[in-house]
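Colleague: Here the protein sequences line up with chains A and B, keeping their order. First residue of the first sequence: 1, per the working numbering; consecutive thereafter. First residue of the second sequence: 703, per the working numbering; consecutive thereafter.
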Amino acid sequence: MVAPRALSEFIAEANEILEALGRELLALEESGLEQADPDRLNAVFRAAHSLKGLSAMFGLESISRLAHHAEDLLDALRLGKAPLDQALLDLLGQVVDMLQEMLGEASRGEDSTELKERSEMLAGELQQLASGGGQDTADVLDQVGIDPQVRAVFTEYEEHRLRENVKKGVGLWKVRAVFSLEDFDTRLATLNASLKPLGEVISTLPSSQPGDDSSIAFDLIFGSSKEKAELEGRLLEGATLAPLTDKMFSTPPPPPPQRKKAPLWDDKSISGPALSPLASFTSTPSGLSRLATTPEPSLRSLTNTVRVDIGRLDGLMNSIGELLLIRSNIEKLSDAARQASGPALPKLWGQELQREVRALERRLDELQKGVLDVRMVPLGQVFDKLARLMRRLVRESSKDVVFDVSGGDVELDKLIVEELSDPLMHLLRNALDHGVERPEARTRQGKPPRATIGLVAKQQGNHVIIEVRDDGAGIDEARVREVAVDRGLVTREQTEEMERRELLNLVFQPGFSTRRDVSELSGRGVGLDVVKTNLQRLSGLIDISSRRGEGTTFTLTLPLTLAIIRALMVKVSGRTYAIPLNAVLEIVAVKDEQLRTIEKREVIEVRGQTTPFIRLARVFGLPEEKRPVHSVVLVGLAQQRLGLAVDELLGQQDIVTKPLSGRLRGIPGVSGATELGDRRAVLVLDIGALMEELLRTQVAAS
Amino acid sequence: MSQFAELLDRFFYRPDEAVGSFLEQAPISDRIAEALPDETPEEFLAFVLEGETYAVPIGAVREILKVTDVTEIPRARKNIIGLINVRGEMLPLFDVKVRLRLAEVPPVVLTGKDVGRAARILLLKDLEGDAGVLVDRVEGVVKLQLSRLEEAPGLGIDRNAIAGLGHRDGQLFILLDVEQALS
Numbered sequence: 001m002v003a004p005r006a007l008s009e010f011i012a013e014a015n016e017i018l019e020a021l022g023r024e025l026l027a028l029e030e031s032g033l034e035q036a037d038p039d040r041l042n043a044v045f046r047a048a049h050s051l052k053g054l055s056a057m058f059g060l061e062s063i064s065r066l067a068h069h070a071e072d073l074l075d076a077l078r079l080g081k082a083p084l085d086q087a088l089l090d091l092l093g094q095v096v097d098m099l100q101e102m103l104g105e106a107s108r109g110e111d112s113t114e115l116k117e118r119s120e121m122l123a124g125e126l127q128q129l130a131s132g133g134g135q136d137t138a139d140v141l142d143q144v145g146i147d148p149q150v151r152a153v154f155t156e157y158e159e160h161r162l163r164e165n166v167k168k169g170v171g172l173w174k175v176r177a178v179f180s181l182e183d184f185d186t187r188l189a190t191l192n193a194s195l196k197p198l199g200e201v202i203s204t205l206p207s208s209q210p211g212d213d214s215s216i217a218f219d220l221i222f223g224s225s226k227e228k229a230e231l232e233g234r235l236l237e238g239a240t241l242a243p244l245t246d247k248m249f250s251t252p253p254p255p256p257p258q259r260k261k262a263p264l265w266d267d268k269s270i271s272g273p274a275l276s277p278l279a280s281f282t283s284t285p286s287g288l289s290r291l292a293t294t295p296e297p298s299l300r301s302l303t304n305t306v307r308v309d310i311g312r313l314d315g316l317m318n319s320i321g322e323l324l325l326i327r328s329n330i331e332k333l334s335d336a337a338r339q340a341s342g343p344a345l346p347k348l349w350g351q352e353l354q355r356e357v358r359a360l361e362r363r364l365d366e367l368q369k370g371v372l373d374v375r376m377v378p379l380g381q382v383f384d385k386l387a388r389l390m391r392r393l394v395r396e397s398s399k400d401v402v403f404d405v406s407g408g409d410v411e412l413d414k415l416i417v418e419e420l421s422d423p424l425m426h427l428l429r430n431a432l433d434h435g436v437e438r439p440e441a442r443t444r445q446g447k448p449p450r451a452t453i454g455l456v457a458k459q460q461g462n463h464v465i466i467e468v469r470d471d472g473a474g475i476d477e478a479r480v481r482e483v484a485v486d487r488g489l490v491t492r493e494q495t496e497e498m499e500r501r502e503l504l505n506l507v508f509q510p511g512f513s514t515r516r517d518v519s520e521l522s523g524r525g526v527g528l529d530v531v532k533t534n535l536q537r538l539s540g541l542i543d544i545s546s547r548r549g550e551g552t553t554f555t556l557t558l559p560l561t562l563a564i565i566r567a568l569m570v571k572v573s574g575r576t577y578a579i580p581l582n583a584v585l586e587i588v589a590v591k592d593e594q595l596r597t598i599e600k601r602e603v604i605e606v607r608g609q610t611t612p613f614i615r616l617a618r619v620f621g622l623p624e625e626k627r628p629v630h631s632v633v634l635v636g637l638a639q640q641r642l643g644l645a646v647d648e649l650l651g652q653q654d655i656v657t658k659p660l661s662g663r664l665r666g667i668p669g670v671s672g673a674t675e676l677g678d679r680r681a682v683l684v685l686d687i688g689a690l691m692e693e694l695l696r697t698q699v700a701a702s
Numbered sequence: 703m704s705q706f707a708e709l710l711d712r713f714f715y716r717p718d719e720a721v722g723s724f725l726e727q728a729p730i731s732d733r734i735a736e737a738l739p740d741e742t743p744e745e746f747l748a749f750v751l752e753g754e755t756y757a758v759p760i761g762a763v764r765e766i767l768k769v770t771d772v773t774e775i776p777r778a779r780k781n782i783i784g785l786i787n788v789r790g791e792m793l794p795l796f797d798v799k800v801r802l803r804l805a806e807v808p809p810v811v812l813t814g815k816d817v818g819r820a821a822r823i824l825l826l827k828d829l830e831g832d833a834g835v836l837v838d839r840v841e842g843v844v845k846l847q848l849s850r851l852e853e854a855p856g857l858g859i860d861r862n863a864i865a866g867l868g869h870r871d872g873q874l875f876i877l878l879d880v881e882q883a884l885s
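(1) For residue 667 of chain A, which residues in chain B fall below 7 Å Cβ to Cβ?
(2) For residue 457 of chain A, which of helix, strand or coil comes out of DSSP?
(3) Considering only C-alpha positions, which residue in the set A:323, A:109, A:450, A:192 is nearest to residue 437 of chain A?
(4) Just verifying my parser: in three-state terms, what is the DSSP assignment at residue 98 of chain A?
(5) Once DSSP output is grouped into helix, strand and coil, what is the label at residue 258 of chain A?
(6) Does DSSP put residue 787 of chain B in a helix, in a strand, or in coil?
(7) Using a Cβ-Cβ cutoff of less than 8 Å, which residues in the same chain neighbour residue 535 of chain A once the five nearest sequence positions on both sides are dropped?
(8) I need the DSSP call for residue 765 of chain B, collapsed to helix, strand or coil.
(9) Would you decide whether residue 111 of chain A is buried or exposed? Buried here means 16 or more other CB atoms lie within 10 Å of its CB.
(10) Using a Cβ-Cβ distance under 8 Å, would residue 802 of chain B count as near chain A?
(11) Would residue 570 of chain A and residue 660 of chain A be called neighbours here (beta carbons separated by less than 8 Å)?
(12) Checking 8 Å against the spacing of the C-beta atoms, do residue 231 of chain A and residue 173 of chain A come in under that value?
(13) Which of helix, strand or coil does DSSP assign to residue 519 of chain A?
(14) Looking at C-beta atoms only, is the number of pairs between the segment 98-117 of chain A and the segment 178-187 of chain A that lie closer than 8 Å three or more?
(15) Could you check whether the Cβ of residue 726 of chain B sits closer than 8 Å to any Cβ belonging to chain A?
(16) DSSP three-state call for residue 691 of chain A: helix, strand or coil?
(17) Quick check: is the beta carbon of residue 621 of chain A nearer than 8 Å to any beta carbon in chain B?
(18) List the residues of chain B that residue 327 of chain A touches, going by C-beta distances under 8 Å, in chain order.
(19) Interface residues of chain A around residue 862 of chain B at Cβ under 9 Å?
(20) Can you give me the Cβ contacts of residue 324 of chain A inside the same chain, cut-off strictly under 7 Å, excluding the 5 residues immediately before and after it?
(21) With DSSP run on the structure shown, which of helix, strand or coil describes residue 842 of chain B?
(22) Taking the alpha carbon of residue 425 of chain A as the reference point, which residue from A:554, A:206, A:115, A:411 has its own alpha carbon closest?
(23) Does any residue of chain B have a CB that is nearer than 8 Å to the CB of residue 664 of chain A?
(24) Should residue 726 of chain B be labelled buried (16 or more other beta-carbon atoms within 10 Å of its own) or exposed?
(25) Reducing DSSP to helix, strand and coil, say where residue 422 of chain A ends up.
(26) Go ahead and label residue 656 of chain A buried or exposed: buried means 16 or more other beta carbons lie within 10 angstroms of its beta carbon, across all protein chains shown.
(27) Taking 8 Å as the cut-off, does the segment 753-768 of chain B touch the segment 618-628 of chain A (at least 3 CB pairs, one atom from each stretch)?
(28) Need the endpoints of the beta strand (DSSP E) that residue 57 of chain A sits in, please.
(29) Across which residues does DSSP place residue 378 of chain A in a beta bridge pair?
(30) Assuming residue 776 of chain A is part of the alpha helix (DSSP H), what are its boundary residues?
(31) Mind checking the segment 666-690 of chain A against chain B and listing, in chain order, the residues whose C-beta falls within less than 9 Å of any C-beta there?
(32) Determine the contact status of residue 567 of chain A and residue 652 of chain A, defining contact as a CB-CB distance below 8 Å.
(33) With 16 as the cutoff for other CB atoms within 10 Å, does residue 199 of chain A come out buried or exposed?
(34) For the structure I just gave you, are there three or more beta carbon pairs, one from the segment 40-60 of chain A and one from the segment 6-23 of chain A, closer than 8 Å?
(35) Rounded to whole angstroms, what is the Cα-Cα separation between residue 833 of chain B and residue 419 of chain A?
(36) Out of curiosity, what's the CA-to-CA distance linking residue 469 of chain A and residue 632 of chain A?
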């Protein structure tokens, strides 16, 4: 069988292809079916083709077969033999999902007959659609008057595109371009790029008049609705424009004057008139046929992205940490050398060292930034998958829902993006299943029958905000209260003191679910509490807001990266701890006599707001010192705030948080460790978890 | 200049005792007990805890470290002394004496000064992530024949943490079950 490494490479690549496929299909649907962009269709076709070849190479026959049938259908589609409609797009969507499933099986080394049967059925449907489409009987190309010998050189696809252009009534042109052999590939690409916005390059053919030994000539068949003058203005040096046929339709442009633009580097290359007889196409030298624009399917990767193993990045990150340590050590050395009394030599050496330190620091900054950038990926990677999933779920549900996605270009740390897909999927399923109502119910309430579920991402400073919102019925807080009391999560008295927001946040408690029966959509055995813990692991937050009858919005706040964070270093009974700065609101000094107690709990007043006051030393069971003034770090997440009393503030620092290994996982209030200059490990506090814990015990105790 | 010298001293990397040096001493250890002709004795690293000699398979030892700064972890399990920084890796340092009933309470260790001069950290390879174990002294490498190991007697000893007993030159080696000892 295939070596595991090769297989995992294949899975990764095939996955990328499928992602691209899904994305293109979605774009096709969004751009409207009538005006389908031929490039897009081609991209989809190529993706299916690549997948076919790739999977066949790895002996995954069932994937290859399904991809093959999809390719056939897509081929018929791009040749105009099959009409592009919603049913067909749905079917293709199913194919992508199926392929993903099969790929999943392949990666686990499984091979279930059930999946095989379903894929065979899909393949059958594909086949039917591919052969079912009819073709136009009267060929418009016959009326245009292109030399049949010229037509013979076109591929079926090119002929189809030519026909489409004729139908649109645009002008057909032949662009003759002569380029030197040395750089014809780049110049041809530039020419293509400059023509693209003006119309469609239907075919690129080597010209029958090849010029001399040092140059090569092409004929580009080009369809455009623009006037000749405008087109000529855009042409590159070395390219000339002529109508493809003299029998033009609708508004034929005036016959071009017999002029040419001589190429700068070689004026011998264009000897004849620019308007070449079309019959000359037949003598195409075969070896040079079809360049650039022809969709030559290849097995090359469809994306320009480089896959980087996250483990390698972590390694890089570690070495940066080491470098940082060296830097601070060298700095100390140089300081010591400069201050040392005695001969001048060490002093000079110290200055020298200092300069090196600066340089090292600059490089380190660059390196750090570079590595961080590599880790960043667009959220679109997850959003696209979710969009496809939602399409399927909506189709299977009895609800009419528009799924509205924006902000897919917002970038986040790869680690976070990967971990986000499950929580987001859960929230979206929830919105579809519990959030939005059926069309009838919506109409009765005077709402538009079609519901909207939105997934929006935006960057705010060092954070990314992701919202999952629906315009459904909203959350019934009376019912939330009832259930929470029923399940013993809170007492009735407690709920009476709770604000609406706090009540709503009860849905994140473990063991909470307002639905008695588990639906097939959201009922996967995970509740919102899992979503919340998942987010907390990513140092993220989730908040909920809801209005009865108007809808519900879940707001996720996430840090841009987990790798390097800025932290406030504090000292508590001689121990140093790091508090992530994103959780720190402000630092206040509180005199002992300013402390108040509410039911034996200490509180302080900050800007008129009563805030719980927690002594970190007491929480951690460390010896406390009596002091007249407390340094209080006011931390806050979402609407909750907490004053943490520490002994000493040491200042801010960029830290690389390292996770704690297996046996240390799950220590309350600690999210990881970092090292400072002296090699001692310093614990990084998990403010989210600490607040959760401390505020909960307060509620429970009160 | 003494401050400078100290900084220099800390700056330069000095490898801790490598396991390799023990390996060279190993073959001299026993010539009396006849080995089964086809059995190659396994190598174990022997160390001392409260005067008793323990051993773990040499393959399970990643390295031996001197005791440096240890960071306490508030509210961690009792047998975790703290967190050590091994060239950027954050690893737990375990106490096994309480588990083996050699001590009542785990020691408090914050720096190398809190332990004896001979004390070392054995960095053990473990499926759940590598972990350090604090020992009083490292003895060296000993070769023991697996077929001649005996089971630990049930003398009120917590036998779960002990994989067996080995003898060599009249000395007793208690084989530690690392997985159990750290749980």
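Virtual Cβ for every residue (Gly too), placed ideally from N, Cα, C.
Modeller: So, from the data block:
(1) 775, 777, 778
(2) strand
(3) A:450
(4) helix
(5) Only weak support is given to the placement of residue 258 of chain A: the predicted model assigns it a pLDDT of 44, under 50, and the value that follows is read from those uncertain coordinates. Reduced to three states, the DSSP call for residue 258 of chain A is coil.
(6) strand
(7) 423, 541, 542, 556, 558
(8) strand
(9) exposed
(10) no
(11) no
(12) yes
(13) A caution first: residue 519 of chain A carries a pLDDT of 43, below 50, which makes its placement in the model unreliable, though a value can still be read off. Coil.
(14) no
(15) Residue placement at residue 726 of chain B is flagged as unreliable, the pLDDT there being 47, under the threshold of 50; the coordinate-derived value follows with that caveat. For residue 726 of chain B, the answer is no, since every Cβ of chain A falls outside 8 Å of its Cβ.
(16) helix
(17) yes
(18) Those do not exist, as residue 327 of chain A stays about 12 Å from chain B at its closest Cβ, beyond 8 Å.
(19) Here the premise fails: no neighbours, minimum Cβ distance about 17 Å.
(20) 364
(21) strand
(22) A:554
(23) yes
(24) Reliability of the predicted coordinates at residue 726 of chain B is poor, the pLDDT of 47 falling under 50, and the value obtained from them is presented with this limitation in mind. Looking at its Cβ environment, which holds fewer than 16 other Cβ atoms inside 10 Å, residue 726 of chain B is exposed.
(25) helix
(26) buried
(27) no
(28) Here residue 57 of chain A belongs to no beta strand (DSSP E); instead the alpha helix (DSSP H) covers 38-57.
(29) A:411
(30) Lying before the first or after the last residue shown, residue 776 of chain A is absent from chain A, which here runs from 1 to 702.
(31) 667, 668, 669, 670, 672, 673, 674, 675, 678, 679, 680, 681, 682, 683
(32) yes
(33) buried
(34) yes
(35) 27 Å
(36) 37 Å
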